[in-house]
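Report on one structure; see the data block that follows.
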Ligand code: SF4
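In the UniProt record's numbering, the protein residues as written are 1 to 650.
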């Protein structure tokens, strides 16, 4: 493979020459293969040149159809070749990383039309892989054991049989099991409570083997925001423990759909505790010969953990529209946490003494010590409840306690934005009312370049947006009826976006009773692997895709997606602990937190409709509020593409 895609003259700056070469591709070469010359795209290329040349952070807001992905990919490949290190392209979620590398995706287009050989590899999140331990539990369990037995039998030979001459390869990713729904998949996939470091199967595990493959990428490593943030937060601790960081050294980062990065940063900073996991971990010590006093302490710790989680169970309340349960930080709970921490501290001290006696296996001891250290860090957050966000979530084997610090800005500032490296935020929606402050402040970015370019499409001609008026205050059944009518008019071909899983499930239960939709094919997120579901939606033109997470990134040009139905305005849930804290810190909670969040999401959702010059269709916003609140209506009207009005009737 040629190192540079152009004849590099060492006497002048590399990035400038890369910029000239990229402009040539956009002006001359790509148009020969049917691509349009777009002023917006050329303008973006010039702006990105500044960010790469000066190693700056840039907000690149470019409307749908500007071809922004091609521009950042070209820079990323050139830059990676110069530095001999890959560029990380972090997409909002796992389904979007697949879209980038699909056969008709942008990387394939560049390879085909520019004759570039691009070494791009996917770094999928651990939860996208089968966990061999969980698979064993599932196939020996009671529910659908046969299904998991089949998965087990289909694993590569080297998982079942040990032989000195074997060559290993990555396997077992979510995409290989499109027929499983999310619940079935979750029973056998990695989760945060798996201790891979201590796992004896890790050298034959698909998740571990995938890391060896993507590390070798010469040009691009494509991962999700979550994965990149996990890399950032675990970087130091992995190095300390002698482990490789999750991602190799890289020379730049592109955050596609960059407006969503804050949520990923918060998620990666969270700690999760669960009683059964703690019990399983701490009882490992009982397998060695330990002193009686330590054995009693371990029993105390298990009892204390049990009592803490029982209290959490009693005191946590479900939050409508969210998987999270609210926890009230009252004195009784803080006292239970304090008692738990105390007993853990004594155990930690005892383990120091125990290690000198060499009675416990050193490896096991290290694992327990590390786990206790993590638990102490997490529980220490309760010392300053005003700096803590916590909630609970249900799972098959009990409640999980989830904790995270209030703000991620300081950590982001220190570990991401203070490094001398180009950081590109690319999205069609990074600004709110012309300002980038909402996204920049949320991430702790003080110094940045920015620009906005509009979409080249003629929305006035291609798109109609309606906000149906309501007779009965937009009740659930009234929305169902309106949706059924809309679906009938477009004969399916629709994407329905729900703000929460509960609303999607409500729709799924009811739609079977609507005769006008009989015979229509509905595809529901969660029923199958997501990229498989999207591919089915695209190929089966009249089908209807119902989703919660596809407000961003879904790119389905053509008649399959001629109708977008926004089930309700995507405000964050009222009781969500993360947003409650953001609201408390804001001078005007509604204006500073809820409204910008909703407007960005709504713009993204509406953006799914027109994906090419020949697309046309209707978007419907099912909301009662916008008919009652004139200011809200104005805000929504102002985010519509120029020339598009908000109609009440179709
Ligand atoms: S290495 Fe991790 S994911 Fe793989 S089998 Fe072991 S615990 Fe499961």
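Yeah, the Cβ is synthetic: ideal placement off N, Cα and C, and Gly gets one too.
In the three-state scheme derived from DSSP, where H, G and I count as helix and E and B as strand, residue 340 is classed as helix. Contact check between the region 266-280 and the region 399-410: three or more CB pairs, one atom from each, fall below 8 Å, which counts as touching. Relative to the ligand SF4, the beta carbon of residue 194 is positioned inside 8 Å of a heavy atom. Residue 59 is positioned such that its CB atom lies no closer than 9 Å to that of residue 455.
Within 8 Å of the C-beta of residue 202 there is at least one heavy atom belonging to the ligand SF4. Where residue 277 is concerned, the enclosing alpha helix (DSSP H) starts and stops at 275-282. By the criterion of a C-beta distance shorter than 7 Å, residue 105 is surrounded in its chain by 99, once the five residues flanking it on both sides are discounted. Residue side-chain check: residue 296 keeps its Cβ at 8 Å or more from all non-hydrogen atoms of the ligand SF4. In the three-state scheme derived from DSSP, where H, G and I count as helix and E and B as strand, residue 268 is classed as helix. In this structure residue 622 touches residue 479 by the C-beta definition: roughly 5 Å separates them, less than 8 Å. DSSP places residue 617 in the uninterrupted beta strand (DSSP E) bounded by 617-621.
In this chain, the beta strand (DSSP E) harbouring residue 545 covers 544-547.
A distance of 9 Å or more separates the beta carbons of residue 370 and residue 348. In chain order, 130, 135, 139, 177, 188 place their CB closer than 8 Å to the CB of residue 151, counting only its own chain and leaving out the 5 sequence neighbours on each side. In this structure, residue 4 lies near residue 81, with their beta-carbon atoms less than 9 Å apart.
Following the DSSP letters along the chain, one finds residue 21 in no beta strand (DSSP E) but inside the alpha helix (DSSP H) bounded by residues 14-24. At a threshold of 8 Å, residue 234 does not count as near the ligand SF4, since its beta carbon sits no closer than that to any of the ligand's heavy atoms. Annotated as distal: residue 439 and residue 606, with beta-carbon spacing of 9 Å or more. In the DSSP assignment, residue 583 falls outside any beta strand (DSSP E) and lies within the alpha helix (DSSP H) extending over 577-585. CA-CA distance, residue 117 to residue 509, rounds to 48 Å. The alpha-carbon of residue 156 is positioned some 22 Å away from that of residue 215. In the three-state reduction of the DSSP assignment, residue 188 falls in the coil class, being assigned neither a helical nor a strand state. Out of 395, 640, 338, the CA that lies nearest to the CA of residue 376 is found in 338.
The beta carbon of residue 317 is closer than 7 Å to those of 325, 326 in its chain, skipping five residues each way along the sequence. For residue 322, the closest of 17, 602, 502 by C-alpha to C-alpha distance is 502. By the Cβ rule, the region 555-565 does not count as touching the region 575-582, because fewer than three pairs are nearer than 8 Å. As computed with DSSP, residue 563 is found in a beta bridge with 494, 618. In summary, residue 124 is buried, with 16 or more beta-carbon neighbours lying within 10 Å of its beta-carbon over all protein chains present. Note that the C-beta distance between residue 319 and residue 499 is not below 9 Å. DSSP places residue 97 within a helical segment (H, G or I) once states are collapsed to three. The C-beta of residue 446 has fewer than 16 other C-beta atoms within 10 Å across all chains shown, which makes the residue exposed. In this structure, DSSP gives residue 59 an extended state, which the three-state scheme calls strand. Residue 52: member of the alpha helix (DSSP H) spanning 39-54, first to last residue. Counted as a single uninterrupted DSSP element, the stretch harbouring residue 452 is not any alpha helix (DSSP H) but the beta strand (DSSP E) occupying residues 449-453. Here residue 538 is near residue 558, since their CB atoms are less than 9 Å apart.
Residue state for residue 405 is assigned as strand, using DSSP reduced to three classes.
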